[in-house]
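Everything on this sheet refers to the single structure shown next.
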Amino acid sequence: MSLKDHKAEIAHLIRSKSSKSKFGDKFFKALVIGASAYALLMVILVFYALGEGSLPILLKEGLHFIIGTDWNPVEGRESFGALPYIVGTLISSAIAMAIAVPISIGIAIFVNEMVPGKIGTILSFIVELLAAIPSIVYGLWALFVFRFYIRDYVEMPLHNAFGDNLSVFAKTPFGLDVFTAGIVLAIMIIPIISAVSREVIKAVPHSQKEAAYALGATRWEMAKSAILPYGKSGLLGASFLGLGRAIGETILVTMIIGNAVGLSAIPTTLFSPSQTLSSIIANEFNEASGDFQLSALIGLGLILFIMTLLINVIAIFIVSKVTKSNSNMRE
Amino acid sequence: MDKENENINYKSIVQGYVVKNARKRKTINSLITIVLFSFVVIAVMPLVSILIDVFRNGVTAFSLDFLILPPAAMGSADGGIGPAIQGTLMTVGFATVIGAPIGVLVGIYLSEYSSSSKRFAYFLRLFIDVLTGIPSVVVGIVGYITIVLTLGSFSIVAGAFVLSIIMIPIVARVSEETLKLIPNSLREAAYALGISKWKVVWHIVVKGSKSGITTGIVLAVSRIAGETAPLIMTILGTSLFFSGFSSPVDALPLRIWRLSSQPYSSAHEQGWGAALLLILLVLSLTIILRMVSQKRGFSLKATT
Numbered sequence: 001m002s003l004k005d006h007k008a009e010i011a012h013l014i015r016s017k018s019s020k021s022k023f024g025d026k027f028f029k030a031l032v033i034g035a036s037a038y039a040l041l042m043v044i045l046v047f048y049a050l051g052e053g054s055l056p057i058l059l060k061e062g063l064h065f066i067i068g069t070d071w072n073p074v075e076g077r078e079s080f081g082a083l084p085y086i087v088g089t090l091i092s093s094a095i096a097m098a099i100a101v102p103i104s105i106g107i108a109i110f111v112n113e114m115v116p117g118k119i120g121t122i123l124s125f126i127v128e129l130l131a132a133i134p135s136i137v138y139g140l141w142a143l144f145v146f147r148f149y150i151r152d153y154v155e156m157p158l159h160n161a162f163g164d165n166l167s168v169f170a171k172t173p174f175g176l177d178v179f180t181a182g183i184v185l186a187i188m189i190i191p192i193i194s195a196v197s198r199e200v201i202k203a204v205p206h207s208q209k210e211a212a213y214a215l216g217a218t219r220w221e222m223a224k225s226a227i228l229p230y231g232k233s234g235l236l237g238a239s240f241l242g243l244g245r246a247i248g249e250t251i252l253v254t255m256i257i258g259n260a261v262g263l264s265a266i267p268t269t270l271f272s273p274s275q276t277l278s279s280i281i282a283n284e285f286n287e288a289s290g291d292f293q294l295s296a297l298i299g300l301g302l303i304l305f306i307m308t309l310l311i312n313v314i315a316i317f318i319v320s321k322v323t324k325s326n327s328n329m330r331e
Numbered sequence: 332m333d334k335e336n337e338n339i340n341y342k343s344i345v346q347g348y349v350v351k352n353a354r355k356r357k358t359i360n361s362l363i364t365i366v367l368f369s370f371v372v373i374a375v376m377p378l379v380s381i382l383i384d385v386f387r388n389g390v391t392a393f394s395l396d397f398l399i400l401p402p403a404a405m406g407s408a409d410g411g412i413g414p415a416i417q418g419t420l421m422t423v424g425f426a427t428v429i430g431a432p433i434g435v436l437v438g439i440y441l442s443e444y445s446s447s448s449k450r451f452a453y454f455l456r457l458f459i460d461v462l463t464g465i466p467s468v469v470v471g472i473v474g475y476i477t478i479v480l481t482l483g484s485f486s487i488v489a490g491a492f493v494l495s496i497i498m499i500p501i502v503a504r505v506s507e508e509t510l511k512l513i514p515n516s517l518r519e520a521a522y523a524l525g526i527s528k529w530k531v532v533w534h535i536v537v538k539g540s541k542s543g544i545t546t547g548i549v550l551a552v553s554r555i556a557g558e559t560a561p562l563i564m565t566i567l568g569t570s571l572f573f574s575g576f577s578s579p580v581d582a583l584p585l586r587i588w589r590l591s592s593q594p595y596s597s598a599h600e601q602g603w604g605a606a607l608l609l610i611l612l613v614l615s616l617t618i619i620l621r622m623v624s625q626k627r628g629f630s631l632k633a634t635t
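Residue numbers (this note's numbering), protein chains in the order written: chain A, 1 to 331; chain B, 332 to 635.
Dropping the structure here:
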């Protein structure tokens, strides 16, 4: 065989192989892009399905659906307003945030700055285990165990001490109310907020901390004067992520918030039963008697979706801006 | 002479002030340290209480019958959670079959192919984050409208579909993180040998981060195994074993919910038993994962 033949043979081999792998390249890239498009499609599907499903109730009720307070599924007299559940959602989440944010940020500062690294890692692992517990188990525990603690050791003393003078404590507590729901929600979001806060605090440049120490600051003074101002917006983003979770949480709230319906779902005291957007969906979805009630529940889902979307987008922008600028400024 | 005296006076005054002030500042520091430590204790106490109560109340319900029998009539202490265990295994299994490959492929796109189209990658990341933040009950509604209404019945198909939607963003973000950990020099070495891109991605990058990707998938599985709300409007719950792709199935979280809302203490005991099983499953997965990932030294921050 001559040299030329060899050359041709090799060239042929290479060509056939490269065309084969070119096909492989194209196929694999199509596969990967297809999967990504599927993920995008899911988000669009969420918008479409919620919009389509809630259209009947939006056309029927108009603005009244958002500001109305009645909830009447009886056929022929149907009337649905979402306001009580929006208020219930906001109040239970506000209670949760008021408790969870200071505690979570405190935990993040403590495990990152105040104890040696190894102990900090172990402590934060234990706190983050809380995030792994399914919310239905939280609900079961809150319903059969925790609400009695809260009622006997927190709500009753508050009611006895201030009930006569302050209207927020006026109602005799029963344990199934917006206050208990807020506390259990706080327990649930503490691991989320503190995990993100730890990342934010880790991103504070060492030079800032060392400068504070060099001026003779104690650990707390360092945290107050170096970490908190520097990580302010990151910690805000972390809190927003926790808020998004608290607003969307369903089954746990359904089990302990007392499930009031209509006007009475607007809590007048801390110890009143209430209802959130997600809990009324979980409660009534399978028992919805007419098309309008189902559409109203889907409409509540749409409101809930828009609320969490806004919160999450704000949180994502804040957190990504912070971590980006920090990674540029590090060292 | 006079001047020196003054100097000394000033010095002692300042020193005295600093010492007094330092004592105060140190006290504040230790007080706040104690307060922050008590925050950790406050956060950990519920975990301890949940674990103790679930074990104490759940362990009495455990028996072979409890694990394999279907639920008996309401109020009876007999029967078990067999269909719920079967339903959870099947629904989560099907969801993983759909969600895991798509999630991994999205992760591969974000890590390996995104440089060719920055704008698409930007939107994809944003949408994945949005998907992560959608409340699971809303995902359930979407599953109801798209699958249950189309097929005409509550079914395992709808349940697996909604759980896969919850799973995809988790798997995608963890996969992206782990794929990015493969050093570029490995990719360049492979390209230098003339290997085509998809083979580099598949044989070098993906196979090299196999254990990280597995971690992401298992993490997502442990998350969706505990979901309740989206299952209410997709698989509905039943007391029968699986009987076909167009009829309702049961799941552990749903069964716990139904049991807890019954007025019988025997039902509550069974609820605790089911919760114990669920928590054992989820926590053991989490702890194993944490140990593996700590050894390998990459963080799971994308998922929290």
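A virtual CB, placed ideally from N, CA and C, is assigned to each residue, including glycine.
Check your understanding: Helix, strand or coil: which one does DSSP assign to A/His6?
Key -> helix
Check your understanding: Can you list, in chain order, the residues of its chain whose CB lies under 6 angstroms from that of B/Ala403, leaving out five sequence neighbours each side?
Key -> Asp409, Gly410, listed in sequence order.
Check your understanding: Three-state secondary structure (DSSP) at B/Ser486?
Key -> coil
Exercise for review: Please name the residues in the region 418-448 of chain B whose beta-carbon is closer than 7 angstroms to at least one beta-carbon of chain A, in chain order.
Suggested key: Answer set for the region 418-448 of chain B: Ile433, Leu436, Val437, Ile439, Tyr440, Tyr444.
Practice item. Determine which residues share a DSSP beta bridge with B/Val580 and list them. Key: B/Leu567
Review point. Taking just the CA atoms, how far does B/Val531 sit from A/Gly24?
Key: For A/Gly24 and B/Val531, the distance between alpha carbons rounds to 11 angstroms.
**Study point:** Own chain residues within Cβ distance below 6 angstroms of A/Val261, not counting five before or after
**Key:** Trp71
Check your understanding: Can at least three beta-carbon pairs, one atom from the region 517-534 of chain B and one from the region 452-468 of chain B, be found at a separation below 8 angstroms?
Key -> no
Point to revise | Best match in B/Pro500, B/Arg456, B/Ile472, B/Val488 for proximity to B/Gly434 [C-alpha to C-alpha] | key: Checked all of B/Pro500, B/Arg456, B/Ile472, B/Val488; the closest Cα to B/Gly434 is B/Pro500.
Check your understanding: Going along the chain, which residues of its own chain have a beta-carbon closer than 8 angstroms to the beta-carbon of B/Phe572, five neighbours each way excluded?
Key -> Contacts found: Pro401, Gly413, Pro414, Gln417.
Exercise for review: Could you please give me the residues that DSSP links to A/Asn72 through a beta bridge?
Suggested key: A/Ser79
**Study point:** Beta carbon proximity, A/Ser225 to chain B, threshold 7 angstroms
**Key:** no
Point to revise | Identity of the residue in B/Gly430, B/Ile363, B/Gly539, B/Leu420 nearest B/Leu583 by Cα | key: B/Leu420
Practice item. From the DSSP output, in three-state form, read off A/Ala315 for me. Key: Correct three-state label for A/Ala315: helix.
Check your understanding: For the alpha helix (DSSP H) that A/Thr276 lies in, which residues bound it at each end?
Key -> First-last for A/Thr276: undefined, no H or E at that position.
Review point. For A/Gly62, which three-state DSSP category applies?
Key: coil
Check your understanding: Cβ of B/Asp384 less than 7 angstroms from any chain A Cβ?
Key -> yes
Check your understanding: List, in order along the chain, the chain B residues whose C-beta lies closer than 7 angstroms to that of A/Met114?
Key -> Within 7 angstroms Cβ-Cβ: Thr364, Leu367.
Practice item. With DSSP collapsed to three states, give me the class of A/Pro116. Key: It is coil, neither helix nor strand.
Review point. Since A/Ala304 and A/Gly248 are thought to touch, with beta carbons under 8 angstroms apart, how far apart are those beta carbons, to the nearest angstrom?
Key: The question names Ala, yet the displayed sequence has Leu at residue 304 of chain A. That belief holds up - the Cβ atoms of A/Leu304 and A/Gly248 are roughly 7 angstroms apart, short of 8 angstroms.
Check your understanding: Under 8 angstroms Cβ-Cβ, which residues of chain B neighbour A/Pro134?
Key -> Ala556, Gly557, Glu558, Thr559, Pro584, Leu609, Ile610, Val613
Review point. Does B/Asn360 come within less than 7 angstroms of chain A when only Cβ atoms are used?
Key: For B/Asn360, the closest Cβ of chain A is nearer than 7 angstroms.
Check your understanding: Which runs of the alpha helix (DSSP H) spanning at least 4 residues fall entirely within the region 91-165 of chain A, listed in chain order?
Key -> 117-132, 135-141, 156-162
Exercise for review: Tell me, to the nearest whole angstrom, how far the beta carbon of A/Glu75 is from that of A/Gly68; I am working on the premise that it is less than 8 angstroms.
Suggested key: Not confirmed; about 18 angstroms, so no contact.
Review point. Does the beta carbon of A/Trp220 come closer than 7 angstroms to any beta carbon on chain B?
Key: yes
**Study point:** Buried versus exposed, by CB contacts within 10 Å (16 or more), A/Met255
**Key:** Label assigned to A/Met255: buried.
Check your understanding: For chain A, is any of its Cβ atoms less than 7 angstroms away from the one on B/Ser527?
Key -> yes
Point to revise | B/Val385, buried or exposed, once every other Cβ within 10 Å from all chains shown has been counted against 16 | key: buried
Check your understanding: Is the Cβ of B/Ala551 closer than 7 angstroms to any Cβ of chain A?
Key -> no
**Study point:** Span separating the alpha-carbon of A/Pro134 from that of A/His206
**Key:** 37 angstroms
Check your understanding: Nearest-angstrom Cα distance between B/Ile587 and B/Ala598?
Key -> 9 angstroms
Check your understanding: Going by C-alpha distance, which of A/Gly231, A/Leu176, A/Ile103 is nearest A/Ser320?
Key -> A/Gly231
Exercise for review: Determine the chain B residues that contact A/Ile187 at a beta-carbon separation under 8 angstroms, and present them in chain order.
Suggested key: Within 8 angstroms Cβ-Cβ: Ala374, Pro377.
**Study point:** Environment of B/Ser446 [buried if 16+ CB atoms lie within 10 Å]
**Key:** Its Cβ having fewer than 16 others within 10 Å, B/Ser446 is exposed.
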